[in-house]
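*Asks:* Below are the structure tokens for one structure; questions will follow.
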Amino acid sequence: MATIRIPPVLRPSVGGERQVSADGATVGDVLKDLVASHEELGSQLFGADGELNRFVNVYLNDEDVRVLGGLETAVGDADTLQILPAMAGGAA
Amino acid sequence: MTPSGAEFVRQIKGQIAEVDPAQVHDVLWDENVVLVDVRESDEVAAGKLPGAVHVPRGFLESRIDGAVGDRDKRVVLYCASGNRSALAARTLTEDLGYANVESMTGGYTLWKDRGYEVDVPRTLSAEQRERYSRHILINEVGLEGQIKLIDSKVLLIGAGALGSPNALYLAAAGVGTIGIVDDDVVDLSNLQRQVVHGTSTIDTPKVESAAKRINDLNPDVKVVQHQQRLDADTVLELFKGYDVIVDGTDNFPTRYLINDAAVRLDKPVVSAAILGFEAQLSVFDTRSHEGHESGPCYRCLFPVPPPAELAPSCGANGVLGVLPGTAGLLQATEVIKLIIGVGDSLQGRLLMYDALAAEFNEVKVRKDPECPVCSRDRASISDDELGVFPDYEAFCAAAG
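Keeping their order, the protein sequence lines are chains Y and B. Numbering follows our numbering, with no gaps: position 52 of the first sequence is 233. Numbering follows our numbering, with no gaps: position 185 of the second sequence is 168.
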């Protein structure tokens, strides 16, 4: 089971958890397993084409999966996936 | 009969080679010529020839080897008027075996009268030395770093939660010019986190309120008040006058606008964002020059903004008051490092701080070779493209 860090804006979709676990041998499989138990995340992570939305970055440990093998990147049990949408907050 | 002092100097001048300032001016910066200033330190402090090394005549014999190791090298000595340098030239030639030594006639005084360029070394006033003494004591800053800070110009976008700690600490650090862009006025609900303002400045423009506090903290700082929203029409003119841009804005359109203008003008951006208990921080520095590899820009990291439901940035959101303090000071630290040129910056890294968990995490930010902005020739980025991205207005409108 890989660990997935959930950013604040997505926490309502996973019952408020800061991190959750999911199964899978690749980044795509892990995220699909995550979506299977938290359906709301589906449209937030994936576009209609099944690819990651361009406004969401996913990191395997500290590396952007897009520069690794994308959704096909292999994931081990000791790995951490970080989901990261942009935040804008600051001055207000 | 022994000669008078003046007669002795005249005699020496007859025995050594002299050179006119005009000929010295011709070889300024010539690496085959070493210019040696033999005056006292207090004279040199008022100005010297560009590139000259300082070896006071009293230390000539003991220090000249360190300044000019090669005794066959051409050496031009000068003092204030040409007398001390003549005596020094004789010492170097006759006692120390330098083969090619000249004394500049008329010295620094004639050089200056001719209108040739001089280097006036930067010094701090006694008050500045006292104010910045704890900086000057650190090797990585020192006098040189402090002068860089005093000469620097930093633009804060937003005088709010992130802008406040930046304004205070950059002012305290002695950043010479701080520009502040903000069109808002101070509200009571700001004071839980916007510590550059105060109860006494409620209802006054934030730029004015911040300027007042900054000038109380450090009257040396020139505060430039830009009481306006950042917009595409004025962003380039505005950024041109500054060295570093500090992005502490609360919305995506402004973040993309800042990014695009900064990339086009080759200005580094120190960026932070906060929400709830979390902060994100990075340095976007796409300049490429010797010793610095062009880094990623904001669009490399986030090419498009998230849709409204994932971007709670169009309205008011809660934030733990101290969080922008933490994030803003990490920003200010990066600004100071960029100015002084020390350490490893957050370029190419996104730092995430989770205050609830008391955890720092970081991920790599890669430069996108196909980035719609920073992969391009800077001049090809048109005014119309600044801050533009698809569908933004729709989603912000949807978010109300």
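Every residue gets a Cβ at the ideal spot worked out from N, C-alpha and C, and that includes glycine.
For chain B, find out if any of its Cβ atoms is closer than 9 Å to the Cβ of Ala229/Y; answer yes or no.
*Replies:* Stepping through the first sequence from its first residue, residue 229/Y is reached at position 48. No - not a single Cβ of chain B is within 9 Å of the one on Ala229/Y.
*Asks:* Whose C-beta lies closer than 7 Å to the C-beta of His209/B among residues of the same chain, with five residues either side of it excluded?
*Replies:* On the second sequence, residue 209/B is found 226 positions in, with the first residue counted as 1. Answer for His209/B: Gly162, Ile163, Val164, Val190 and Leu221, listed in chain order.
*Asks:* Val7/B by DSSP, collapsed to three states: which one?
*Replies:* By one-based count along the second sequence, residue 7/B stands at place 24. Of the three classes helix, strand and coil, the one that applies to Val7/B here is helix, per DSSP.
*Asks:* Kindly say whether Asp102/B, judged by its beta-carbon, lies nearer than 9 Å to any beta-carbon of chain Y.
*Replies:* Translated into positions along the second sequence, residue 102/B becomes position 119. Cβ-Cβ to chain Y under 9 Å: no for Asp102/B.
*Asks:* Mind checking Gln(-6)/B: buried by the 16 CB within 10 Å criterion, or exposed?
*Replies:* Reading the second sequence from its first residue, position 11 is the one you call residue -6/B. So Gln(-6)/B ends up on the exposed side.
*Asks:* Is it buried or exposed for Trp94/B, if we count other Cβ within 10 angstroms and need 16 for buried?
*Replies:* Residue numbering aside, residue 94/B sits at position 111 when the second sequence is read from its first letter. Result: buried.
*Asks:* Just checking: is the beta-carbon of Tyr375/B within a distance shorter than 9 Å of some beta-carbon in chain Y?
*Replies:* In the second sequence, counting from the first residue as 1, residue 375/B sits at position 392. Annotation note: pLDDT 45 at Tyr375/B (below 50); position unreliable, coordinate value reported separately. Answer no: the Cβ-Cβ gap between Tyr375/B and chain Y never drops below 9 Å.
*Asks:* Could you run through the stretch 333 to 349 of chain B and flag, in chain order, every residue whose CB is less than 9 Å away from some CB of chain Y?
*Replies:* Taking 9 Å as the Cβ-Cβ cut-off against chain Y, the residues of the stretch 333 to 349 of chain B that qualify are Leu333, Met335, Asp337, Leu339, Ala340, Asn344, Glu345, Val346, Lys347, Val348 and Arg349.
*Asks:* Bridge partners for Phe343/B per DSSP, in chain order?
*Replies:* The count along the second sequence starts at 1 and reaches residue 343/B at position 360. DSSP output for Phe343/B lists Tyr336/B as bridge partner(s).
*Asks:* Assuming Val266/B contacts Gln330/B under a Cβ cut-off of 8 Å, what Cβ separation, rounded to an integer in Å, is found between them?
*Replies:* Here the question's residue 266/B lines up with position 283 in the second sequence. Here the question's residue 330/B lines up with position 347 in the second sequence. Yes, they are in contact, since the Cβ atoms of Val266/B and Gln330/B sit about 5 Å apart, within 8 Å.
*Asks:* Quick check on Ala267/Y - is its C-beta less than 9 Å from some C-beta in chain B?
*Replies:* Stepping through the first sequence from its first residue, residue 267/Y is reached at position 86. Yes, Ala267/Y counts as interfacial toward chain B.
*Asks:* DSSP beta-bridge partners for Glu44/B?
*Replies:* Start at 1 with the first residue of the second sequence, and residue 44/B comes out as number 61. Answer is none; Glu44/B lacks a bridge partner.
*Asks:* Whose C-beta lies closer than 6 Å to the C-beta of Gly143/B among residues of the same chain, with five residues either side of it excluded?
*Replies:* Here the question's residue 143/B lines up with position 160 in the second sequence. Here the set comprises Gln177.
*Asks:* Going by the beta-carbon positions, is the gap between Tyr115/B and Tyr91/B smaller than 9 Å?
*Replies:* Locating residue 115/B in the second sequence gives position 132, where the first residue counts as 1. Locating residue 91/B in the second sequence gives position 108, where the first residue counts as 1. No, they are not a contact pair.
*Asks:* Hey, would you say Asn149/B sits closer than 9 Å to Val318/B, going by beta carbons?
*Replies:* As a position in the second sequence, residue 149/B is number 166, starting the count at 1. As a position in the second sequence, residue 318/B is number 335, starting the count at 1. Going by C-beta atoms, Asn149/B is nearer than 9 Å to Val318/B.
*Asks:* List the residues of chain B whose Cβ lies closer than 7 Å to the Cβ of Val248/Y, in chain order.
*Replies:* Residue mapping note: residue 248/Y aligns to position 67 of the first sequence, counting from 1. Simply Arg349.
*Asks:* Are Asp214/B and Val371/B touching if we call contact CB-CB under 9 Å?
*Replies:* Numbered from its first residue, the second sequence carries residue 214/B at position 231. Numbered from its first residue, the second sequence carries residue 371/B at position 388. Result no, Cβ atoms of Asp214/B and Val371/B do not sit closer than 9 Å.
*Asks:* Is the Cβ of Leu174/B closer than 9 Å to any Cβ of chain Y?
*Replies:* Position 191 of the second sequence, counted from the start, is the residue given in the question as residue 174/B. For Leu174/B, the answer is no, since every Cβ of chain Y falls outside 9 Å of its Cβ.
*Asks:* Contact between the stretch 65 to 73 of chain B and the stretch 99 to 109 of chain B: three or more CB pairs below 8 Å?
*Replies:* They do not touch, by the three-pair rule.
*Asks:* From Gly157/B to Glu1/B, what distance separates their C-alpha atoms?
*Replies:* The residue labelled residue 157/B in the question sits at position 174 within the second sequence. The residue labelled residue 1/B in the question sits at position 18 within the second sequence. If I take the Cα positions, the gap works out to 46 Å.
*Asks:* Under DSSP, the beta strand (DSSP E) around Gly162/B begins and ends at which residues?
*Replies:* Taking the first residue of the second sequence as 1, we reach residue 162/B at position 179. Looking at the DSSP string, the run of the beta strand (DSSP E) that includes Gly162/B is Thr160 to Val164.
*Asks:* Return the bridge partner residues of Asn238/Y from the DSSP annotation.
*Replies:* As a first step, residue 238/Y must be located in the first sequence, where it is residue number 57. Note: Asn238/Y sits in a beta bridge opposite Leu265/Y.
*Asks:* Check for me: the alpha helix (DSSP H) holding Thr92/B runs from which residue to which?
*Replies:* Residue mapping note: residue 92/B aligns to position 109 of the second sequence, counting from 1. Element bounds for Thr92/B: Gly90 to Asp96.
*Asks:* What are the complete alpha helix (DSSP H) segments, minimum 4 residues, inside the stretch 141 to 194 of chain B?
*Replies:* Taking only runs of at least 4 residues, the alpha helix (DSSP H) segments lying wholly in the stretch 141 to 194 of chain B are 146 to 156.
*Asks:* When burial is assigned at 16 or more other CB atoms within 10 Å of the CB, is Arg235/Y buried or exposed?
*Replies:* Reading the first sequence from its first residue, position 54 is the one you call residue 235/Y. Classification of Arg235/Y: exposed, given that the 10 Å Cβ count is below 16.
*Asks:* With burial defined as no fewer than 16 other Cβ atoms inside 10 Å of the residue's Cβ, what is the status of Val248/Y: buried or exposed?
*Replies:* Numbered from its first residue, the first sequence carries residue 248/Y at position 67. Answer is exposed; the Cβ neighbour count stays below 16.
*Asks:* In terms of residue numbering, what span does the alpha helix (DSSP H) encompassing Asp25/B cover?
*Replies:* As a working mapping, residue 25/B is identified with position 42 in the second sequence. Taken as a continuous stretch (DSSP letters only), the alpha helix (DSSP H) holding Asp25/B covers Ser24 to Val27.
*Asks:* Would a C-beta distance cut-off of 9 Å place Asp258/Y and Ala183/Y closer than the cut-off?
*Replies:* Position 77 of the first sequence, counted from the first residue, corresponds to residue 258/Y. Position 2 of the first sequence, counted from the first residue, corresponds to residue 183/Y. Yes, the pair counts as a contact, with Cβ atoms nearer than the cut-off.
*Asks:* In whole angstroms, what separates the C-alpha of Arg349/B from that of Leu284/B?
*Replies:* As a first step, residue 349/B is located in the second sequence; it is residue number 366 there, counting from the start. As a first step, residue 284/B is located in the second sequence; it is residue number 301 there, counting from the start. Their backbone Cα atoms lie some 7 Å apart in a straight line.
*Asks:* Would the beta-carbon of Val239/Y fall within 9 Å of that of Leu226/Y?
*Replies:* For this step, residue 239/Y is matched to residue 58 along the first sequence. For this step, residue 226/Y is matched to residue 45 along the first sequence. Contact flag set, yes.
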